[in-house]
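Below is one structure, written out as C-alpha cells; comments come after it.
Protein chains: 4
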Amino acid sequence: MRVGVLTGGGDCPGLNAVIRAIVRKGVQEYGYDFTGFRDGWRGPLEGRTVPLDIPAVRGILPRGGTILGSSRTNPLNAEDGVRRVRENLAEQGVDALIVIGGEDTLGVAATLYEEHGVPCVGVPKTIDNDLSGTDYTFGFDTAVNIATEAIDRLHTTAESHMRVLVCEVMGRHAGWIALHSGLAGGANVILIPEHRFDLDEVCGWITSRFEAAYAPIVVVAEGAMPSDGEMVLKDESHDSFGHVRLSGVGEWLAKQIEKRTGKEARTTVLGHVQRGGTPSAFDRWLATRFGLHAIDCVHDGDYGKMVALQGTRIVRIPISEATAELKTVDPELYAEAGVFFG
Amino acid sequence: MRVGVLTGGGDCPGLNAVIRAIVRKGVQEYGYDFTGFRDGWRGPLEGRTVPLDIPAVRGILPRGGTILGSSRTNPLNAEDGVRRVRENLAEQGVDALIVIGGEDTLGVAATLYEEHGVPCVGVPKTIDNDLSGTDYTFGFDTAVNIATEAIDRLHTTAESHMRVLVCEVMGRHAGWIALHSGLAGGANVILIPEHRFDLDEVCGWITSRFEAAYAPIVVVAEGAMPSDGEMVLKDESHDSFGHVRLSGVGEWLAKQIEKRTGKEARTTVLGHVQRGGTPSAFDRWLATRFGLHAIDCVHDGDYGKMVALQGTRIVRIPISEATAELKTVDPELYAEAGVFFG
Amino acid sequence: MRVGVLTGGGDCPGLNAVIRAIVRKGVQEYGYDFTGFRDGWRGPLEGRTVPLDIPAVRGILPRGGTILGSSRTNPLNAEDGVRRVRENLAEQGVDALIVIGGEDTLGVAATLYEEHGVPCVGVPKTIDNDLSGTDYTFGFDTAVNIATEAIDRLHTTAESHMRVLVCEVMGRHAGWIALHSGLAGGANVILIPEHRFDLDEVCGWITSRFEAAYAPIVVVAEGAMPSDGEMVLKDESHDSFGHVRLSGVGEWLAKQIEKRTGKEARTTVLGHVQRGGTPSAFDRWLATRFGLHAIDCVHDGDYGKMVALQGTRIVRIPISEATAELKTVDPELYAEAGVFFG
Amino acid sequence: MRVGVLTGGGDCPGLNAVIRAIVRKGVQEYGYDFTGFRDGWRGPLEGRTVPLDIPAVRGILPRGGTILGSSRTNPLNAEDGVRRVRENLAEQGVDALIVIGGEDTLGVAATLYEEHGVPCVGVPKTIDNDLSGTDYTFGFDTAVNIATEAIDRLHTTAESHMRVLVCEVMGRHAGWIALHSGLAGGANVILIPEHRFDLDEVCGWITSRFEAAYAPIVVVAEGAMPSDGEMVLKDESHDSFGHVRLSGVGEWLAKQIEKRTGKEARTTVLGHVQRGGTPSAFDRWLATRFGLHAIDCVHDGDYGKMVALQGTRIVRIPISEATAELKTVDPELYAEAGVFFG
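Protein chains in written order, with full-length UniProt numbering: chain A, 1 to 342; chain B, 1 to 342; chain E, 1 to 342; chain L, 1 to 342.
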C-alpha cells in the first residue's frame, strides 16, 4: 500500500505535525509506503514528488510551515487536469491520497472522489477556523495566542499615551480570530465580518472608555465592514493564494476614529506573523490526532471522508459536508461579547 | 440582588478572568451588587469579605492567581459550619453564591444546595482537567503549554549529550497534562496514573530510541506508578491543599533507567511553574465564558448547576454530576499515543 | 528631601522598573518623599501630580508602559515655561527632579540644569538605542526579542510558499533594532537608515537566495532609504510624539521586489507591538539598576548627570553629552553582518 | 586552509549560532574548508568527525543544543592524548582549531597551544556567565529569561495561597543567574554562592514580607550555602559533565523556612530547562558575533586567543587569561540588590 500526501492553500502551524503523525502510524503500524506531493495539487498534477518516510518527518513536529510546500493550483481548472492527476497517481503507484487543506483544496478532493473515484481522505486546515463540521481546525489556536499576546502589549502603550490602538487581525469572511483574541485580550471593541459595524456606536464605546480614564483597544478582523458602506480601502487585490492583501480596514478605522473623537489612534496590522512559527500545544495535539485518524481512514478504506473534532473526539464526516458552507460566528456568541464593549 | 463569589482549592490561571466576567456582566447588564469572599469557603465560614465591583476587576484578565485568595477549608467539617455559612451569607445580604473550584470546593456547594437550600452556582476549576461533565477546564491549556515549552527545551539538551531526560508534570490521579504535553512535545515515553507502567518496556523504548541515534524524552505524571509496585518515593506527605509534595517518581525513574540501560538520565520537575502566571488565550476565553454563563444562571434562578464546556457550547449540568466521578484518560486515547513511543 | 519623577517621550518597556527602583531605594535607604509628575514635562509645567510611594510601585516591575503617563510637551517652547516649571516644583516642595526620557526630554533637563540651576538627574530611555554615552538603553532588548520572534515566524511561512517576506521594524534614524533582530532572526537582507540601499543589490541577494532553494526574509528599519531617492511613501506625517506614522518603506519595498524579481513579496509592519508589554529580563535588570543609580546621584547631590551603562557598570555622564549626538550604527558593524546577505 | 571546530562541556543556547557564523564567513569570505569534530575533545582524540559545510549549518541559528555533540573528555588525561590529538588533526588536514567551550574545554586549548603549538582559537561558553575577560557569555541571557518567566509565574501562585515559593536556579560557583533573574523577577530574597546566607536573616525578610501582606519569592543559586554549614543535602555527586546533580539547597531551604516561620513553603527546581531550547535574541547576536570574530582570528593567524565581549565590542584576549580565574559576583553588586530584600 502506498499513500500520497499533499498540503494545499495558505500555510498553517500544525501542517508538519499532521504529516508526521500520518507517516509514523502508517509506517510503524500498517507498514505503508508514502509519496509526498510537492506544492499542493500541483504535485499530483505535474508529478512533483518528494520522498516521505520516517527520517523525513524527524524533528518537524514543532516547526511551522509545511515540508511539502503549498500552492493554490486547482487541477479541475487545468486542461485535462483530472486525467493528469490520475495518471501521476498511477505512475507513482499511489493507492490512496490524504489531502490536507481548506475549502478549496478539499473541494477538489471531494470532486475527485465523488465524480472520479479517486480514493481521498481529507484533513481540515484553516487558520480562520471557518470550516464546517469540526469544532476547531489546527493553526487557529496559535493565531489566537499570537494576536492575544500582541493585544496585551498594545494595552500598555495605549494607557501610557491615552491613545486608541486598533489591531487588525486575520479573518476575511469569519471573525473567529478577532472574537477569541479580542475576548482573551480584553479588547474594548471587537469588529467582525459577520456583523456590519456602526461607526457612531464604535466611537461611542471609545469615548466612554476614555471617560472611565482608560485607553481603548479595538480588534478588527480584516474583513469587517461598516454598515453604511462608506469605507474606501487602499487595495483590494487578491494574491495567488486567494488571500486578500492588507485591505486597510484597520488604518481606515483609525483615521475615522481620530476624525470623529479627536483622540489619537494608531493601527497595528499583525499580518503573516499570525500564521507562521511553532504551533501551540493545542494545535500540535489536534494536528497529531487528525493525522493519526486520517491514516486510520485509509486503513479502513473509508474514502471521501474528512476527519473532524467534535468535543474531544475525532470523527469522520463526508468531505463535501465540510466544504458546503462557511462556519461563521453565531450572532448570539458575538452578542455575548458585547458586555465588554466600551 | 447581591451575589457572593468565592474561589477554592489550588490556584489556576483563569480564575481572575472568571471573576471579572461575572462582575462585568452582573453589574452592567443585571445591576447586581457583589460581595467577594476571601480564601475559599473560609470566607463565608468566618465572614471574611472584600469589596467586589467594576474597579476591583480592572486589569485582572491577564493575571494568574486569584484576587479573592483561596483555601481548602471545608465548612462541612467545621463545627456548626453550615449554620455559620448561612448566617454570614445572610448578614452580608447575599442572595446567591457563585462557587469557583474543583471537586472538593464544588462538593460543598452541591451539599449546601441540595441539603440546605443555599442558592449556589458552580464554575469548574481544575488544572488537571479531571472533572466530569465538561470537555475542558480553564488552566489546563496553560499548564500544557508551559509543559510543552519545557519539553521543547529538554529535547535540545538531551540530543547534545545523548542523555535521557525525564520531565515530571502535574497529574496525581489523571494523566491529561502528561498525555497532551507529551504528544505536543514529541515525547518518546508518556506515563500516566491510569496505566501502570512496566519498567522493562519503558527501558526497551529508551534503548530503541538510542539505537535510532536520538536521545529520549520521558514525560511522567506525578501520579504514575510502576506495575510491580516496587517504587520507593522519597516523600508522600500532603500539603494543606491536598496536593502531594513532589513525590519523586521522576527522580526514581531516572535512577532506574540509569541502572538498567547504562545511559545517563536527568529529571526536571516542573512543579508550581505549571499553575502560575498569565493564562493562555484559550483559558482566558473559556474562563470568561464560564463567568458570563454563571451569572446568567443566577439571573435565571437556576441554582445547583455548574457551567460546563461541551464542544464549543457552554451548558449547565447539576453540580453533583460533575463531582461524582473523576474524569480519567480513556485507555483507547492512551493507546493512540503509543505509536510515538520508542 | 522630596524628589520629583517624570517620564517623557514614547513609552518603552522598563519605565515602571526604573520608577520602582527609584522609589524603593529612595524611601527605604534614604528616607525620601516622592512626587510623581504626570505626562512628562506637562506635569511640572501644569502642576499635574500623582502620589508616588511604596504602595504605588507595588507589582509594576513586569508591566510595560509607565504609571506616570507620558507626553511630548516641551516647557521651553511654552510661554513662560521655565518660570512655571520652577514655581510648580517649589510649590510641591520638590528638591530634585529625576527625568526619564530620550533626546528631547533629557535635552530639556540639560537646559534647565545648565541655564536655570534646576537640580536634575537623567535616566536615558529610547527603544531605538540611539542615545550616546550608554552601551544600551532599556526597552531595546525587548523590542529586539519581539522582532526576532516575528522573524522566526515569518521564515516558516516564507518557506512554505517560496515568497519574499519583508518585515518593517522601528528605527527612524538608527538601525539598531533592524541590525540586531535581523542578525538574530537569520534575515537575508538587513536595511538601515545609516546606509542607503541599492535596490538592484537587494534584488540580487533575493534572487540568489531563491536559487539556493530558500525563501528570503528582508528586515528593514522604517527609516531606511534607497540610494537613488525614488521612493514615494504613502504618508510621512509625524504624530504628536515625533514618531513618524507608518512610513511605508516596507510595502514600497515589497512592490519593487515583486516588479523586479517576479517573485511574490509580502510585508509585515510590526509597529507598536514592539514597544509595549512586559520587559525582557535584561531590560528589567538594566532599568532597575538605572533607577538605583539615579537616586544615588540625588543622594550625592550630583546633578546635571545621566546614568549610563558602560560594559557591565553603571556610570554617570553629563546629560548634555548624551543628547549631543545620535548614536548610529557603525559602518564596520553593518559590514560585518553582510556575510549573511543573500 | 581547513579549520576544525568542536564544542565541549555542558550545552548552551547559542552554540549552533557560533558554528553557523564560523562556517558562513569561513566559506564565503575566506574560502576555507571545515571539519566538525564530534563530542568535544573526544572528536580530535578519537578521530570522530562530521561534515561541516554551508548546507550543514542551514536553519540551525534558532536551535538550542549543538549539532556537533559535546562531551567532557579531557585529552590531557588520556594516555598519549596530545599525540593522538595532533595525529588526528594532521590526518584530517586541519590547519587550525576553533574550540567552543568553558573553563575546562578552553583550558585544554590553552595548554595545547602554549605547550604543543597547536593553533587554537577559543570561543567562551558558559551558561553561568562566570568566565573572566568577557562581559557576557551566550546562553546566560536565555537562562535568565527562562528563570525570570518562571519567577513571574510563581508570584501569582504564591500570592493566591500566601505561601513562600523557593526557586532554585543554576549557578554552582557563581550567582549571576540568581542575581539577574532575581532582580528581574522581583524576588524578595536572592541567595548566591559568593555570599553565605544567614538563615535567621532570610526568615526575617520572609516574615516582614508577609507582614506587608505579600507572599515572598526566594531565588537561590544551586551552590548557595548557609553561613553555619548546617545544611545536609540529599545528594552531592557529580555527573560526567561536572554538573552537580540537583543538590537540594532549594528543598532544604523550604523545609527550614517552614520550620522557623510556620509558613508553608514550596520549591521549584528549574534544572535543565534553563539550558535548552531556542536562544534569546541577545544570545543569538552575541554567539553570531563570536563566531565571525573567531574565524577572523584564524584568518589573521592570531592563535592562542579567545574572543570576548567588552562593552559592545568583540575583542581578543589570551585564552589562558579567561580561564585563570572564575568571574564571581562582586560583593558591591550583590549589596545593591539588597534594597529589594524583605
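Beta carbons are placed, not taken as given, at the ideal position from N, Cα and C, and that holds for glycine.
Item: Straight-line Cα distance separating R2(L) from G93(L); Value: 7 Å
Item: Sequence-distant residues of the same chain with beta carbon closer than 6 Å to G175(L), five excluded per side; Value: I192, P193, E194, A221, V329
Item: Residues of the region 308-322 of chain A with Cβ closer than 8 Å to any Cβ of chain B, in chain order; Value: Q310, G311, T312
Item: Short CB-CB distance (under 7 Å) between N77(A) and chain B; Value: no
Item: Residue of I100(A), R48(A), V108(A) minimising C-alpha distance to N74(A); Value: V108(A)
Item: Positions along the region 260-283 of chain L whose CB lies within less than 9 Å of some CB in chain B; Value: E264, R266, T267, T268, V269, L270, G271, H272, V273, Q274, R275, G276, G277, T278
Item: Status (buried if at least 16 other CB within 10 Å, exposed otherwise) for E211(L); Value: exposed
Item: Below-7 Å beta-carbon distance, K25(L) vs any chain E residue; Value: yes
Item: Collapsed DSSP secondary structure at L246(L) in the structure displayed; Value: With a pLDDT of only 41 at L246(L), under 50, the local geometry of the prediction cannot be trusted, and the value read off the model is given with reservation. It is coil, neither helix nor strand.
Item: Contact test: G304(A) Cβ vs the ligand GDP heavy atom, cutoff 6 Å; Value: Within the structure as shown, the ligand GDP is missing, as the structure has no ligands at all.
Item: DSSP-derived helix/strand/coil call for K125(A); Value: coil
Item: Opposing strand residues paired with F197(B) [DSSP bridges]; Value: P226(B)
Item: Beta-carbon proximity check, G342(E) vs W205(E), cutoff 7 Å; Value: yes
Item: For T328(B), the three-state DSSP class (helix, strand or coil); Value: coil
Item: Inter-residue Cα distance where the pair is L15(E) and L326(E); Value: 21 Å
Item: Bridge partners - R316(L), DSSP secondary structure assignment; Value: V307(L)
Item: Any C-beta of chain E under 7 Å from that of Q256(L); Value: no
Item: Residue-chain proximity (T66(A), chain E), Cβ-Cβ < 7 Å; Value: yes
Item: Buried versus exposed call for E91(E) [16 or more other C-beta atoms within 10 Å across all chains shown]; Value: exposed
Item: Proximity below 7 Å, CB of N188(E) to CB of I151(E); Value: no
Item: Proximity winner among R24(A), R84(A), G186(A), Y30(A), relative to I60(A) (alpha-carbon distances); Value: R24(A)
Item: Within 7 Å, strictly: CB atoms of C297(L) and V121(L); Value: yes
Item: Sequence-distant residues of the same chain with beta carbon closer than 7 Å to R63(A), five excluded per side; Value: N16, T278
Item: Candidates E46(E), A110(E), R42(E), L6(E): closest to T66(E) by CA position; Value: L6(E)
Item: Cβ pair L270(A), F138(A) closer than 7 Å; Value: no
Item: Three-state secondary structure assigned by DSSP to E264(L); Value: coil
Item: Distance between R266(E) and H155(B) (C-alpha atoms, nearest Å); Value: 33 Å
Item: Residues, ordered as in the chain, of the region 46-67 of chain B that lie near chain A by beta-carbon distance below 7 Å; Value: L61, P62
Item: Complete runs of the alpha helix (DSSP H) confined to the region 96-155 of chain L [at least 4 residues]; Value: 103-116
Item: Reference I319(E), options D228(E), G185(E), K125(E), E258(E), closest by Cα; Value: K125(E)
Item: M263(B) to G223(B) span [Cα, whole Å]; Value: One detail in the question is off: residue 263(B) reads as Lys in this sequence, not Met. Between K263(B) and G223(B), the C-alpha separation is close to 24 Å.
Item: CB contact below 7 Å: R86(L) versus chain B; Value: no
Item: Three-state class that DSSP yields for T7(B) in the structure shown; Value: strand
Item: Closer than 7 Å at the beta carbon, the chain L residues around L154(B); Value: H272, V273, G276
Item: Which listed residue (L179(L), T288(L), V50(L), R42(L)) has its alpha carbon closest to that of L183(E); Value: T288(L)
Item: Between the CA atoms of E46(E) and S237(E) - distance to the nearest angstrom; Value: Low confidence applies to S237(E): its pLDDT is 43, below 50, so where it sits in the model is not reliable, and the reading given next is rough at best. Near 28 Å, if we compare the C-alpha coordinates of E46(E) and S237(E).
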